[in-house]
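Novice: I'd like to ask some things about the structure below.
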Amino acid sequence: MPAGNFILVPMLDMVIHLWDLASAIGQDKTIDAPLAEICIGILTPEAIEGGRQMGAFGPEVPSPGTGTPQERLLGSLGRTP
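Start counting the sequence shown at 361; every next residue gets the next number (the numbering used here).
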């Protein structure tokens with residue numbers, strides 16, 4: 361992971377946990393597309409695999425090739441959009 365991305369990791373963590381919370385309590389789960397794109401840019405294949413090995417991420421949930429940034433982000437982290 362590029363060194364400059366380390367400062368963005370807490371933002372990614374917050375975005376995903378807020379999505380989890382919104383899902384759990386039935387609130388709007390929309391992640392703005394530009395924010396989702398930034399989060400996708402932070403994630404490297406190595407980071408995703410490391411997260412899976414630690415149990416933080418589930419298996420990838422495929423999204424259609426035309427999936428939205430939110431669908432692609434969540435699917436890469438094992439969440440069903």
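Note that the Cβ used here is the ideal one computed from N, Cα and C, for glycine as well.
(1) Would you say L434 and P441 are within 8 Å of each other, going by their C-beta atoms?
(2) For G418 and I408, I'd like the C-alpha separation in whole angstroms.
(3) Curious, which full-length alpha helix (DSSP H) runs of at least 4 residues does the segment 365-412 contain?
(4) Taking 7 Å as the cut-off, is the C-beta of T404 nearer than that to any heavy atom in the ligand PLP?
(5) Find out if the Cβ-Cβ distance for the pair L368, I402 is shorter than 8 Å.
Specialist: According to the structure data:
(1) yes
(2) 10 Å
(3) 369-385, 393-402
(4) This structure lacks the ligand PLP, and indeed carries no ligand of any kind.
(5) yes
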